[in-house]
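Chemist:
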Amino acid sequence: MVDPFSVASGAVGLLSLGIEVTQGLVSFYTAWKNQDVTLARTAESLEFLLGILQALDTAIRFRQSQPNERNLLQKVERAILGSAAVIQDFKDELRKFVESSSGNMKERIKISGRRAAYPFKRGTLLNIEDSISEIRENLSFALEVLHVKDCKTTQDEISGLKLLVDRISENQISSTICDWLMAPDATVNHNAACVKRHAETGSWFINSDDFTSWSKTSRSFLWVNGFAGCGKSVLCSIAIQHTFQENQSKDGVGIAFFYFDFSDTSKQSASGMLRALLLQLARQLKGSSEDIRHMHALHKSGSPSVATLLVYLQRILQRFCHCYIFLDALDECPRYHEREGVLTAIRIIRGWCFPGLHLLVTSRDEFDIRESVNPKRGENIIMKNAEIDKDISSFVHNRLKNDPRFKRWKERHNEIQNALTKHAQAVFRYVECQLNGLQKARTEQHLQYCLNSLPRDLDETYERLLCSIDEMYIDDVRQIMTMLCFSKRPLALSEIVHAHALGLGQWQSTDPGNRLLDIDDLREICVGLIEIESNEYHQALDDPVVYISHFSVREYLVSDRIRQQKAAAFALQSGPAHTEITRICLTYLVHVISKIEPQDMFQMKPRQYPLGRFAAEYWFHHYKNSGCDNMHIEELVLRLFSDMSTFSKWTNLYDFDRPRNASIRPNDQMGSPLYYASMLGLIQILDRILSNGFDVNIQGGALGSSLQAASLKGYEQIVQLLLDRGADVNALGGRYGNTLQAASWAGHSQVVQILVDRGAHVNFEGGRFGNSLRAASREGHHQVVPILLDHGADVNGQGGGYGTALYAALQKGHKKVAQILLNRGADVNVQGGEYGNALRAASWEGHEDVVQLLLDGGADVNLEGGYFGNALQTASWKGHGRIVQILLDRGADINARCGRFGSALQAALSEEHEEVVQILKDRGANISAQGGKNINELEKLPCEDHMGVVQVLSDRGGNFNTDEDLGSALRAASLEGHEKVVEMLLNRGADVNAQGGEFGNPLQAASCQGHDKVVQILLDRGADMNTQCGRFGNALHAAFSEGHEEVMQMLLDRGARY
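Going by full-length UniProt numbering, the residue at position 511 of the sequence shown is 511; the numbering climbs one at a time, nothing skipped.
#1: Out of Thr-212, Pro-455 and Ser-574, state which residue places its alpha-carbon closest to the alpha-carbon of His-621.
#2: Considering just the uninterrupted stretch of the beta strand (DSSP E) at Pro-544, what are its terminal residues?
#3: If you draw a straight line from the C-alpha of Ile-935 to the C-alpha of Ile-255, how long is it?
#4: Quick check: the Cα distance between Ile-787 and Val-756, rounded to an integer number of angstroms?
#5: Apart from the five residues on each side of it in sequence, which residues of its chain come closer than 6 Å, Cβ to Cβ, to Leu-888?
#6: DSSP three-state call for Gly-437: helix, strand or coil?
#7: Can you have a look at Ala-297 and say buried or exposed, based on whether 16 or more other CB atoms are within 10 angstroms of its CB?
#8: Kindly list the residues whose CB is nearer than 7 Å to the CB of Ser-263, restricted to its own chain and excluding five residues on each side of it in sequence; keep chain order.
#9: Can you list, in chain order, the residues of its chain whose CB lies under 7 Å from that of Val-242, leaving out five sequence neighbours each side?
#10: Alpha carbon to alpha carbon, how far is Gln-708 from Asn-247? Give it in angstroms, no decimals.
#11: Mapping DSSP to helix, strand and coil, what is Glu-834?
#12: Could you check the C-alpha separation between residue 1060 and Leu-466 for me, to the nearest Å?
#13: Taking just the CA atoms, how far does Asp-1024 sit from Val-1015?
#14: Do you know how far the Cα of Lys-980 is from the Cα of Gln-1004?
#15: Give every residue of the same chain whose Cβ lies closer than 7 Å to the Cβ of residue 1095, excluding the five residues on either side of it in the sequence, and list them in chain order.
#16: Closer than 7 Å: is that where the CB of Gln-811 sits relative to any heavy atom of the ligand FAD?
#17: Can the beta-carbon of Val-696 be found closer than 8 Å to that of Arg-725?
#18: Using a threshold of 8 Å, state whether the C-beta atoms of Tyr-835 and Gly-799 are closer than that.
#19: If you reduce the DSSP assignment to three classes, tell me which class His-500 lands in.
#20: Near Gly-714, which residues of its chain fall below 7 Å by C-beta distance, leaving aside the five closest residues on each side in sequence?
#21: Considering only their Cβ atoms, is the gap separating Gly-881 from Glu-911 smaller than 8 Å?
#22: At 3 residues or longer, and completely inside the region 247-285: list those beta strand (DSSP E) runs for me, N to C.
#23: Buried or exposed: which applies to Asn-104, given that a residue is buried once 16 or more other Cβ atoms fall within 10 Å of its Cβ?
#24: Please report the residue range of the beta strand (DSSP E) in which His-358 lies.
#25: Ends of the alpha helix (DSSP H) at Trp-223?
#26: For Ser-903, which option in Met-984, Arg-890 and Trp-877 has the closest C-alpha, if you only look at C-alpha atoms?
#27: Secondary structure at Asn-380, three-state DSSP: helix, strand or coil?
#28: Would you check if the distance between the CB atom of Arg-583 and the CB atom of Ile-633 is smaller than 8 Å?
#29: Gly-302: which of Ser-974, His-358, Val-917 and Arg-658 sits nearest, CA to CA?
#30: Skipping 5 residues on each side, what residues in its chain have a beta carbon closer than 8 Å to that of Val-637?
#31: Quick check: the region 350-360 against the region 175-183, are there 3 or more CB pairs under 8 Å?
#32: Please list, in chain order, all residues of the same chain as Cys-1029 whose beta carbon is under 7 Å from its beta carbon, the five residues on each side excluded.
#33: Measuring straight from C-alpha to C-alpha, what distance separates Glu-524 and Asp-475?
#34: Which residue comes first and which comes last in the alpha helix (DSSP H) that contains residue 1061?
#35: Whole angstroms are fine: how far does the CA of Ile-388 sit from the CA of Asp-331?
#36: What first and last residue would you give for the beta strand (DSSP E) that runs through Tyr-609?
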């Protein structure tokens, strides 16, 4: 019987045909490969293809399929069947070869002299090479899917991985907010790490006392450290999957992870880490989307700061019972750029008083990381022990057993396994490199030579690999590695190819015969150094992405060690590398993009000029990091700014002024070259432009003027230069209204001082924040606020969206700024802003110390106004129990009638804050009093997950039978099907036939929703089935209208009349 879950017979048959045809071609070309280098290359490529076909055929025939892998096998089938056309072409070619070979081929070649016979024409050989490249991609993917792991294990892991990805990707957050937050996708790295593991890997770790203690101990921390290539990322992925599997059925448990990545700058900063963690956790927690929306509302015109992200992450963390956070590869965060910020953020997170937080990080053992994490006893796991050696041995065993390419050496598997494990020194990457080399061994002698001459360590592995590169390709490889090691972001294949050509000075856009590298060239000359992810495409270019094969490759190339070894020619340094990438980018913009006709810019397709977007967006990043003056580079920059046509094309490809706006705009909507030079801090270029008579006050760009752009960035010298050349210090316009407000918002105290000394108006009203003082106060710039006040800023001035400066400071909890303002005469009770006044703003945000500060400064605790009526109702609605206590201790009226919810108790009930409800009831809140929109307290909360709130109210005499617009609590509980709450309410005296609301009575509400158990409870407690009321008239009509046959039958059996 045919296995219904196996690869389809059509695909199997196609493989058999492919093997037969390819064997024929191999036999044909092998006989002639010594005649010509091209023939030898074709024969070798065909042999390699034959090996893939045979391995794939073996993997399919000798494996056990599982019912739950249908989707996976469909992908394998599509990959195989996608090669059908090429295999058919090979079949046709073989037939022609056989026909043309009849007779004496050697004689024909000898006689032809200048022209080879048909099978050896260069065009034929190139066609075969192209076809091999095409088919190899498809079949290599299929082979990887089938042979890497045992199928059942793979499927179990895929299922677990899918559940985890689904958990952190639940769509509770709008796409608009997700696009704004731009959280890096950590699942890409997690998936890649999971692929590298096998069933037994890491079991020693997750079963260890240290890991068990970490997973169960309050506020636990664990640092896993080891050499580059020792498998830390794989171990981290195992810990993540294990933790998820242990907790997936538990409520109140959050899991989040982040993988730092040397090849992706979006995954190298504290901001990227926090955005990813925040989004993952928010998606796992009901109601947390409100916090994210609030953050978006406050910062939607820009990116939230690290401090803001930490505040919101802390809020969300506190709503979990337990939260497990995994941070992998801290050492892949650049040490002198982003790492200190990351380590600071981790220290802050570890300092939070959250018992349920469990934090695990991995990295190499580097001094700054060790000093920062400062692990205690039991918090440090070093990845160099006997258990790691067992993992490596198991890894080698599985690779030898499951990879068909090692089948020929079956009798020597134990010898290979022992040799590699012995030399590995706990480094997985070492073993991986040796296995990749050993799989190419064709003879016993070659295999034995490889085993006898294994390199000492990973450094010698890379040294040998680099020294084996043909001398004629050294410059090519060095150029490619420079781009891959230091590029701001991962590069697509076509970007690498064009950058390589420019880097070596080979770019001739008008010469169609100038051949560029292709994917096979890259793989051949950079063997072992790069990976080309053919299943991960650059979105705009539809191109595979090229990566350094492992972080340890980059670490070796930039180390001091390589300079003392034979591979010193490949040594890379940061400054010169960034200079080289800058040169490539600027050359592309100035010499290639500049030649595009203006009208063609609107229709330009990325694949026509693949390096265009990268060059436009990242030249300045690499320019800043080059670290040295280079006359050739400076001339290229000047040409970019001096030629208006080139300048316009650059800013249309990527606009630093509006980086998220990809649309091409007319020149009159763009900033001038003077504006962009000011924004980027290019003082020498700026001076040259001004010397040519450029108008210093020309308007344009999102910031309105060059002076505002320079002030926002804090470029003091440029601000001075522009003012000296006549820039108007009080010019209006731009995103911040004027220059002083821009500098105040950014916190550049020196620039603010320069501007006010040169006559800037401190009380100008307008712009994003109303005035400069409110802008500085909102961002907490305690050094800027006194400067503005000393120059006459009105401390109580109102305007903008933040009311007063005090209100703006308190909304974000800037206590130091608030104290300065209060000391300078700020009115603590002035009304205004989104929340009505300063005390309500601080109560909303949950800033306890600020609330105390305001009350000590004379704030009226019962002052009414705004959406929530007063501070107590605001804090109650947000669930800030500690602030509720503070307000009550300072005289807040617990039963004040005002605001949206009418009372503090109703506000707390509306959001189901059980702790706050308890506090208010203990302090004498009147449960029966009405206010606001007359919402019955119990009706708002009949949910089994919040029975504690119901219990609190019912124990204190809550009125269960109030006939309100929304119906009674009993009707609401019946409508939702909450059996336990219905029972509790009835036991407390609720009227089973209480009428009101849309559905008339509890029985009709339960019947229309088909809640048969609730219907049974109500009937047993005396519910009248035939009462006429509500939307459907009676319970039977309700069940009939909604098609609930079981409920209908139950009602009819009990005597209901239709």
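Where is the CB? At the ideal position from N, CA and C, for every residue including glycine.
Modeler: Answer, in terms of the structure:
#1: To locate residue 621, count along the sequence shown from 1; it is residue 621. Measuring from the Cα of His-621, the nearest candidate turns out to be Ser-574.
#2: Along the sequence shown, one-based indexing puts residue 544 at 544. Its beta strand (DSSP E) spans residues 543-548.
#3: Position 935 of the sequence shown, counted from the start, is the residue given in the question as residue 935. Position 255 of the sequence shown, counted from the start, is the residue given in the question as residue 255. Reliability fails at Ile-935, whose pLDDT of 39 lies under 50, so the model's placement of it is uncertain and no value is given.
#4: Taking the first residue of the sequence shown as 1, we reach residue 787 at position 787. Taking the first residue of the sequence shown as 1, we reach residue 756 at position 756. Cα to Cα, the separation comes out at about 9 Å.
#5: Looking up residue 888 in the sequence shown gives position 888. Excluding positions up to five away in sequence, the list reads Arg-923.
#6: By 1-based counting over the sequence shown, the position of residue 437 is 437. In this structure, Gly-437 counts as helix in the three-state DSSP scheme.
#7: Here residue 297 refers to the residue found at position 297 when the sequence shown is read from its first residue. Ala-297 comes out exposed.
#8: In the sequence shown, residue 263 corresponds to position 263, counting from 1. Counting only Cβ-Cβ distances below 7 Å, and skipping sequence neighbours, we find Pro-490, Tyr-547 and Ile-548.
#9: Your numbering for residue 242 matches position 242 in the sequence shown. Note on residue identity: the sequence assigns His, not Val, to residue 242. Cβ neighbours of His-242 beyond the five flanking positions: Ile-206.
#10: Start at 1 with the first residue of the sequence shown, and residue 247 comes out as number 247. Start at 1 with the first residue of the sequence shown, and residue 708 comes out as number 708. Taking the straight line from one Cα to the other gives about 52 Å.
#11: Here the question's residue 834 lines up with position 834 in the sequence shown. Of the three classes helix, strand and coil, the one that applies to Glu-834 here is coil, per DSSP.
#12: Because the chain is modelled from 1 through 1058, residue 1060 falls outside the range shown and cannot be assessed.
#13: Taking the first residue of the sequence shown as position 1, residue 1015 is located at position 1015. Taking the first residue of the sequence shown as position 1, residue 1024 is located at position 1024. When rounded, the distance between both Cα atoms is 11 Å.
#14: Sequence index remark: in the sequence shown, residue 1004 carries index 1004 (1-based). Sequence index remark: in the sequence shown, residue 980 carries index 980 (1-based). So the two alpha carbons sit approximately 18 Å from each other.
#15: Nothing in the structure corresponds to residue 1095, since the chain is present only between 1 and 1058.
#16: By its list of ligands, the structure shown contains no ligand whatsoever, and the ligand FAD lies outside what it can speak to.
#17: By one-based count along the sequence shown, residue 696 stands at place 696. By one-based count along the sequence shown, residue 725 stands at place 725. Cβ distance < 8 Å, so Val-696 and Arg-725 count as in contact.
#18: Within the sequence shown, the letter at position 835 stands for residue 835. Within the sequence shown, the letter at position 799 stands for residue 799. Not in contact: Tyr-835 and Gly-799 (Cβ atoms no closer than 8 Å).
#19: For the purposes of this step, residue 500 is taken as the residue at position 500 of the sequence shown. Three-state DSSP puts His-500 in a helix.
#20: For the purposes of this step, residue 714 is taken as residue 714 along the sequence shown, with counting starting at 1. Only Ala-746, His-748 and Val-751 meet the Cβ criterion.
#21: Stepping through the sequence shown from its first residue, residue 911 is reached at position 911. Stepping through the sequence shown from its first residue, residue 881 is reached at position 881. No, Cβ-Cβ distance for Glu-911 and Gly-881 is not below 8 Å.
#22: 253-259
#23: Position 104 of the sequence shown, counted from the first residue, corresponds to residue 104. Because Asn-104 carries a pLDDT of 46, less than 50, the predicted location of this residue cannot be relied on, and the following value inherits that uncertainty. Answer is exposed; the Cβ neighbour count stays below 16.
#24: Working through the sequence shown from its first residue, we reach residue 358 at position 358. First-last of the beta strand (DSSP E) with His-358: 357-363.
#25: The residue you call residue 223 lines up with position 223 of the sequence shown. Counting along the chain, Trp-223 falls outside any alpha helix (DSSP H), though it belongs to the beta strand (DSSP E) covering 220-225.
#26: Mapped onto the sequence shown, residue 903 falls at position 903. Measuring from the Cα of Ser-903, the nearest candidate turns out to be Trp-877.
#27: As a working note, residue 380 is residue 380 in the sequence shown. In the structure shown, Asn-380 sits in a strand (DSSP, three-state: E or B).
#28: In the sequence shown, the residue the question calls residue 583 occupies position 583. In the sequence shown, the residue the question calls residue 633 occupies position 633. In contact: Arg-583 and Ile-633 (Cβ atoms closer than 8 Å).
#29: Here residue 302 refers to the residue found at position 302 of the sequence shown. Of the listed residues, the one whose Cα sits closest to Gly-302 is Arg-658.
#30: For the purposes of this step, residue 637 is taken as residue 637 along the sequence shown, with counting starting at 1. Only Leu-586, Tyr-623, Leu-682 and Ile-685 meet the Cβ criterion.
#31: no
#32: By one-based count along the sequence shown, residue 1029 stands at place 1029. So the qualifying residues of the chain are Gln-995, Gly-1000 and Asn-1001.
#33: Position 524 of the sequence shown, counting from 1, holds the residue named residue 524. Position 475 of the sequence shown, counting from 1, holds the residue named residue 475. Going by the C-alpha atoms only, they are around 14 Å apart.
#34: Since the first residue shown for the chain is 1 and the last is 1058, residue 1061 is missing from the structure and cannot be characterised.
#35: As a first step, residue 331 is located in the sequence shown; it is residue number 331 there, counting from the start. As a first step, residue 388 is located in the sequence shown; it is residue number 388 there, counting from the start. Computed Cα separation, rounded: 20 Å.
#36: The sequence position of residue 609 within the sequence shown is 609, counting from 1. No beta strand (DSSP E) holds Tyr-609; DSSP gives it neither H nor E.
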